[in-house]
Amino acid sequence: MAKVVKNVVCTFCGSLCDDLEIHIENDNITAVKKGCALSRTKYLNAREEVVPLVEGKEASFSAALEAAVEILAHARHLLVYGLSSTCSEAQAAAVALAETLGASIDSTSSVCHGPGTLAKQLVGIPTCTLGEVKNRADVLVFWGCNPVEAHPRHFARYSVLAKGLKVGGRRERKVVVADVRKTATARGADLFLQLEPNGDFEVLTALRALINGKDIVGEGAGGLTRAQLEECSRLLKEASYGVFFFGMGLTMSRGTHYNVSQALALVRDLNKYTRYSVIPMRGHGNVAGSENVLAWQTGYPFAVNFSRGYPRYNPGEFTAVDLLRRGDVDAALVVAADPAATFPGRAAAVLGEIPTVVIDPHYSATAKLARVYLPSAAAGIGAAGTVYRMDMVPLPVKKLLNLPYPSDKEILDMLREGVKKCSGSREAGSTTRKMAGTGK
Amino acid sequence: MLRIKGGRVYDPKNGWNGEIRDICIKDGKIVEDLPAAEEVIDATGLVVMAGGVDIHAHIAGPKVNTGRVICPEDHRRDPVPRTARTRSGSGFTTPSTFVTGYRYAQMGYTSVFEAAMPPLEARHVHEELADTPILDKGALVLVGNNHFVLSFIREGDRERLKDYLLWVVEASGAYGLKVVNPGGGANWRRHSNVRGLDDAVIDYGVTPRQIIETLLDVNEELGLPHALHLHCNNLGQPGNLPTTLATMDLAAGRRLHITHLQFHAYGEGKKGYPLLSGAEDLAAVVNANPNITIDVGQVVFGPATTMTADAPLQYELFQKGGGDRWVNKDVELETGSGIVPITYSPKSFVGACQWLIGLELFLLIENPEQVFLTTDHPNAGPFTAYPQIIRLLMDRDYREERIAQLPKKAVEATGIKNLQRKYTLGEIAAMTRSGPARVLGLEKKGHLGVGADADVVVYRPQADYEAMFANPLYVFKEGQLVVQEGQIVAAPRGKTFVPEIRGGKDVTSWLAPQFEQFYSIALENYPVDREWFSPWEVVPCK
Ligand code: SF4
Ligand SMILES: [Zn+2]
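In order, the protein sequences belong to chains A and B.
One point on numbering: in my numbering, the residue at position 102 of the first sequence is 266, and numbering is uninterrupted.
One point on numbering: in my numbering, the residue at position 158 of the second sequence is 285, and numbering is uninterrupted.
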């Protein structure tokens, strides 16, 4: 039986294009229309042959689940990590599980756009939805991000090439790109600012000064000449509606959240003259959803710890890399993310040393290190749910295929039931669980 | 089945003003009587009321959640541990969803309306409402600066406007229509605002007056259960009184609910007085026009997180030095929002004046079914201050003690000194129960007559009304005991109210190409999925 499902949301990157046409035959995806190469690879390989594993050996799903419960229930301080490639319903189930176990919970934000969130806590953020970019943005800035390669349809659907209510395509938009190298995104720019490595803070500060009519620029800053900076500030101010996108080139270069604070303050200051917004160019499909769900359930966006029975927030303390590197956690549950492939060496290695449980549709690098691997039905392929785009617009994802395993949410709920049964004593509000490794 | 026996029942809708009565509950509803053998709670000497109804609060959705994210310091001093029956979370001005549900229930409130839902982000609002336990909820959808609404008003195309509004209410899972600074939000896209009812709305060739007039009519013609819910132009500006009076004039007999009137009640200042109270003039109009209702937006001294769809206002507030963080969000074709965390100080002239003007409105509007208790949570302060505000209204000595601590000039700028009124328990019940339920068109809320939802609150009478209203002895939600002696004992999932949709032609034929061109998502992915979020309750139209 062949069918075509229209308006499917691609969950691969933070653009969440919601216009894919997925052709399905015999419960298999046979073609992907309208998507980019990244989405085709994702959907055409939706049926990965994976099996549950315990200690690297194939196991039944229920045996693997039991082994996972065993690990979680006996952990003194568990880390729940990931959440960026699943739906908000699963993210909520992960928060509930972390709360039940007095665990720490953190999302991939802490190694990508977390600094942007910290910056929001310092200066706020003037922002907009991507349709506003399409409808109004006549000046576009891409800072430390490379959408042409990482968000391939961003230009056409939302930004540089899009035609909207007030602005009609490339010729009516000016494009500024700031990066340390001439990326594919930079090649088509009207103005390319080649930054010195780690020069972001300096350049943003200089631009802010120029915008505000203060002269602290001297001969130049961060690898740019005075003339370049002046040209840029002129171009920025000429916008009738400008939008500034930033990526990990800004958030993860030296200065991290100070860089982003300066970018947010620049965009804020530009609003004295004209209208401006700023949008973090978030990478993973639903990393924005993890910030949302954690915030509405706990008050905090990431780096949350429940060891006292209530949520505490402390980036640097309860962020995953820090918890692992310091040896503060004695078990880990990784959901819909691949830290072994993305974390710094030491932190990644710890995931192989402590008992780690992985829930993921794919047999990821982290799954290879894990004590228990639970395959799941990917949100948006084997399970319905809600995802949030980089601009926080929510979108529904559909169930397209019947996959052999439960969804992330279902597995997380089963784990929560399992640990509740296994350690009933802990259930009744054990609010004083000790932090592993601190001896307190 | 349960009988609450012999309490003093305050239920203005049924004319019970402290009458000793039994309240009988069966299958979640109030019934006439029960067999004598059923379970009985002895309420002798206790006060019994229906569950509270909050007509206007910001409790869920993108703007509320961004407020949570940017203010970790707001939560840090107010952690909420989990218990065997409840989830953990945090407060204070922007509590997490679970804590929002618990804290409302702990004060005896069982229905709350989220005041500002952007349709494009409606799914987010419903996700949070689903995680807000115990309460029944509804959401008001923002339409006063919507591209299609303004275009149809300009074209004078009433029919298409109505079709579109019905569609957007249904698609977003909204309960009623909300208008915020009509025209101002649209102008903010062009770095501008409106200052009065006859200012031009750039790009659309309409005026705030036309927007309000048209939507007042349309709301009546559609027969939506709730009055048009309006946040007027010029919020917070000294001298905004004439705009607010002129806006009230527009109602001309049609149902109009003006929200947080306190912020719109400022006369022009004079030497030494940055503003003067306009409460008397406004109260006089409300008293003369039973079709107009208002909620106060009472200021509470202490921290607040201002958040509103009035984005240009928030920009101005921030520019004037109010706060250290500014959030703005422009939502394509529809609306926008702004957030600025601030603190209301009893030492500042303006803060004190705002506090006093709110009280004046409460005390000057004669019919408590026209003036409702809100703090425009969390704009003027958190909803958890309601018991304190009730005490200010009921206990004149306490009120005067508090007024005596304020700057003299602020007191002089208002007429508070002349106001002797003390609210009675019956009037409190009208202001917090029967009144808002009536204006929302909720037949089964706000009273304890036969057929009503069995949301029942039992209070211990106390001389300290704040303590009394902060700590009900029992709260029942649809017959289920949810709060006992201040503790949550059960946290059932509440329902979400939507209006009956009558008529309306299909809009998708003309809307689909508009979506293609100007939205960033597909039309198919826009409506909130009714099966995904449940349960809903359909409320009949007028
Ligand atoms: S741009 Fe991103 S969301 Fe869009 S189709 Fe490509 S991978 Fe998917
Ligand atoms: Zn409000």
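Backbone N, C-alpha and C define an ideal beta-carbon position, used for all residues, glycine too.
Predicted model only: the values in this text are computed from it and were never measured.
Contact with chain A is absent for B/E282, since none of that chain's Cβ atoms lies less than 7 Å from the residue's Cβ.
B/D422 has its CB no nearer than 6 Å to any heavy atom of ligand 2.
Among the residues facing chain A, B/K456 is included, as its CB has a counterpart in that chain under 7 Å away.
Assigned with DSSP and collapsed to three states, A/L325 falls in coil, not helix or strand.
Taking a 10 Å sphere around the C-beta of B/A531, we find fewer than 16 other C-beta atoms and assign the residue as exposed.
If you measure from each CB to the nearest heavy atom of ligand 2, the residues under 5 Å come out as B/A242, B/D503. Across the set A/L208, A/R446, A/P560, the C-alpha of A/P560 shows the shortest separation from the C-alpha of B/D656. Taking 6 Å as the cut-off, one finds no heavy atom of ligand 1 near enough to the beta carbon of A/R204.
Neighbourhood of A/D270 in chain B, by CB distance below 8 Å: empty, with the nearest CB roughly 15 Å away. For B/F645, at least one C-beta of chain A is nearer than 7 Å to its own C-beta. Residue-level contact by beta carbon holds for B/E651 and chain A, with a gap shorter than 7 Å. With the criterion set as a beta carbon lying under 9 Å from some beta carbon of chain B, the region 516 to 538 of chain A has no members that meet it. Partner residues in the beta bridge of A/Y477, as assigned by DSSP, are A/V468. Taken in chain order, the complete alpha helix (DSSP H) segments of 4 or more residues contained in the region 295 to 361 of chain B are 311 to 315, 335 to 349. One finds nothing in chain B with a Cβ atom closer than 8 Å to the Cβ of A/F409; even the nearest lies about 14 Å away. For A/S179, the shortest C-beta to heavy atom distance toward ligand 1 is below 6 Å. In the DSSP assignment, B/V239 is bridged to B/D181, B/K264. Residue range 143 to 153 is occupied by the beta strand (DSSP E) that includes B/I147.
Only R321, Y322, A326, K327, G328, L329, K330 from the region 314 to 348 of chain A bring a Cβ to less than 9 Å from some Cβ of chain B. Residue pairing from DSSP places A/S571 in a beta bridge opposite A/A541. B/Q589 sits in coil when the DSSP states are folded into three classes, being neither helix nor strand. Not one heavy atom of ligand 1 sits closer than 6 Å to the Cβ of A/F319. Counting along the chain, A/L497 sits inside the beta strand (DSSP E) bounded by residues 495 to 499. DSSP places A/T175 outside both helix and strand once states are collapsed to three, so it counts as coil.
Going by DSSP, B/T462 is part of the beta strand (DSSP E) stretching over 462 to 471. With 16 or more other Cβ atoms from the protein chains shown falling within 10 Å of its own Cβ, B/Q481 counts as buried. Residue burial annotation: B/P662 is exposed, with fewer than 16 other C-beta atoms found within 10 angstroms of its C-beta. About 5 Å separates the beta carbons of A/I523 and A/S540, which is inside the 8 Å limit, making them a contact pair. In the DSSP assignment, B/P246 falls outside any alpha helix (DSSP H), carrying neither H nor E. Excluding its 5 nearest sequence neighbours in each direction, A/H318 has C-beta neighbours in its own chain below 6 Å: S179, P311, listed in chain order. In this structure, A/V305 is the residue among A/V305, A/A166, A/K436, A/A391 with its C-alpha nearest to the C-alpha of A/K338.
With respect to B/N367, B/N308 sits apart: the two C-beta atoms are not nearer than 7 Å. The beta carbons of B/R281 and B/Y331 sit closer together than 7 Å. Collapsing the DSSP output to three states places A/M416 in coil. For A/H421, the Cβ stays outside the 6 Å cut-off from all heavy atoms of ligand 1.
The continuous stretches of alpha helix (DSSP H) do not include A/D379, and DSSP gives it neither H nor E.
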